[in-house]
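Heads up: the structure comes next, in structure tokens.
Number of protein chains: 2
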Amino acid sequence: MTAVSEPRATKAIARARRRAPYDAESLLDVAVQVFNERGYDGTSMEDLAQAAGISKSSFYHHVEGKEALLAAACDRALDALTAIREDPLAQEGRAVERLENVLRLTVMALITELPYVTLLLRVRGNTASEKKALERRRDFDRFATDLVTQAIADGDLRTDIEPALATKLVFGLVNSLIEWYRPGRTPSDEVVNSTVSLALVGLRA
Amino acid sequence: MTAVSEPRATKAIARARRRAPYDAESLLDVAVQVFNERGYDGTSMEDLAQAAGISKSSFYHHVEGKEALLAAACDRALDALTAIREDPLAQEGRAVERLENVLRLTVMALITELPYVTLLLRVRGNTASEKKALERRRDFDRFATDLVTQAIADGDLRTDIEPALATKLVFGLVNSLIEWYRPGRTPSDEVVNSTVSLALVGLRA
DNA sequence: GTCTATAAATTGATAGAC
DNA sequence: GTCTATCAATTTATAGAC
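These protein sequence lines are chains A and B, in that order.
Residue 354 in this note's numbering is what sits at position 37 of the first sequence, and the numbering runs on without skipping anything.
Residue 325 in this note's numbering is what sits at position 8 of the second sequence, and the numbering runs on without skipping anything.
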């Protein structure tokens, strides 16, 4: 059974099944992990190549460059956040219910896309692609602020905290997950429930 | 009244009064500001010199080097946090009262030392001095965790959230201030009260 | 696809004149 | 104290052999 005698499709599948060790996606995973450990600017392409177990030149064969890696990671995180806005749970019911759903979906997105969102939330805006990522992030912030503002106007949340301030506090609480949450330590269900509960109990009228 | 005829002490005072434009402290302020804008690793000594309005070489005349600037800034932030542990308000009364005081003092420290604490909370631990700063920071985290644990054991805080998780959430909320608080926008009193209130109301039994 | 070699630019830091 | 000039190391990225 030599590979030569097999049809092309079979070869492609076999290749995929044994998980080609170095495809663009797995190298992105490696890069994002190292970026999060040492910081994006504190990581050299040599660091990434070593973490992947190949030479720097081979690494470049698979990826466009350092900034493209960061942009791809940010896009993945931002796509996850954007999907929340379009989720039916974010569009029906009272504002306070939509807010609770959005908070829950956000915590879940933070957990499932943790490395990517971590990188996104640390972006400083030094380059053009970083500025673009920050702009998309601000879109989500505005969406969240509108939701909190509406819930307060509905009389469902305490009125002694400014809407903009309340939003920043609640999403600051939620986003702080990237600083301490590590998969496998605490069941993610418990983290989701505790986080949403703590945020909303403190905020309710 | 020529400078030549004045005694040395007078000259020194006059020099100090007109605020020598480039002393080590004011250059640290400049450096910390730029570090926070572009990230520590994303900032070059050339960037710092330009921000200070002098050449890179002149800048080096006043400061030891890049890492020393970071260490000095972290030390200042950590000194502010350490002072909280030694504050009488953190040592008397029930654990839940001490916790409320510590939360309030922490928010106040974040606000008064904002640039320094911001830099500290972003340190990744890449160098020896950064690792040392992270270790001092962990000391404060342990102190905070003990306080929350005790308050839960006292029956003053809700028991359905793990002490370690509750601590991370509450201090995640408090520390998120560095991401959005900017002096002069919202009165600091309002931020302190709202932050402490939101955190504790959500946490109380 | 992988590698060694190297280019081209930047960086932290210093030398030494004024 | 400030500057220009420069060093030595590092960094992003490419060339080209296998």
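Beta carbons are placed, not taken as given, at the ideal position from N, Cα and C, and that holds for glycine.
On a predicted model such as this, the values are computed, not experimentally measured, just so you know.
### Query
Which partner residues of A/Arg-521 appear in the DSSP bridge assignment?
According to DSSP, which records beta bridges pairwise, A/Arg-521 is partnered with A/Leu-474.
### Query
Where B/Ala-522 and B/Asp-473 are concerned, what is the direct C-alpha to C-alpha distance, given to the nearest angstrom?
6 Å
### Query
Does the beta-carbon distance from B/Tyr-433 to B/Val-351 come in below 8 Å?
no
#### Entry: Any chain B beta carbon closer than 8 Å to A/Ile-478
So yes, A/Ile-478 belongs to the interface.
### Message
Let me see if you follow: with CB-CB separation under 8 Å, is A/Glu-363 close to chain B or not?
### Response
no
### Message
Is any non-hydrogen atom of the ligand GDP found closer than 7 Å to the C-beta of B/Asn-510, if you look at the structure I gave you?
### Response
Judged by which ligands are present, the structure shown has none, so any question about the ligand GDP falls away.
### Task
Work out the CA separation of B/Leu-344 and B/Ala-331 for me, nearest whole Å.
Because the pLDDT at B/Ala-331 is just 48, under 50, the model does not fix this residue reliably, and the value given afterwards should be weighed accordingly. Cα to Cα, B/Ala-331 sits roughly 20 Å from B/Leu-344.
### Query
With burial defined as no fewer than 16 other Cβ atoms inside 10 Å of the residue's Cβ, what is the status of B/Lys-485: buried or exposed?
buried
#### Entry: Beta-carbon spacing of B/Val-424, B/Val-508 below 8 Å
yes
### Message
For A/Val-440 and B/Lys-383, what's the separation of their Cα atoms in angstroms?
### Response
21 Å
### Message
Would A/Leu-536 and A/Pro-500 qualify as a contact pair, given that the criterion is a beta-carbon distance under 8 Å?
### Response
Residue 536 of chain A lies beyond the stretch modelled for chain A, which goes from 318 to 522, so this question has no answer here.
### Query
Ordered along the chain, which non-local residues of its own chain (more than five positions away) have a Cβ less than 7 Å from that of A/Ile-401?
Ala-407, Val-419, Leu-422, Thr-423 and Ala-426
### Query
Do the CB positions of A/Ala-516 and A/Val-491 come within less than 8 Å of each other?
yes
### Query
Is the CB of B/Glu-496 under 8 Å away from at least one CB in chain A?
yes
### Task
Evaluate A/Arg-336 with the Cβ neighbour count: other Cβ atoms within 10 Å of its Cβ, from every protein chain shown; 16 or more gives buried, anything less gives exposed.
Confidence at A/Arg-336 is low in this model, with a pLDDT of 47, below 50, so the placement of that residue should be treated as unreliable; the coordinate-derived value is given next. When all chains shown are included, A/Arg-336 counts as exposed.
### Task
Pull up the distance between the alpha-carbon of A/Thr-512 and that of A/Glu-496, whole angstroms please.
14 Å
### Task
Please list, in chain order, all residues of the same chain as A/Glu-417 whose beta carbon is under 7 Å from its beta carbon, the five residues on each side excluded.
Val-513 and Leu-517
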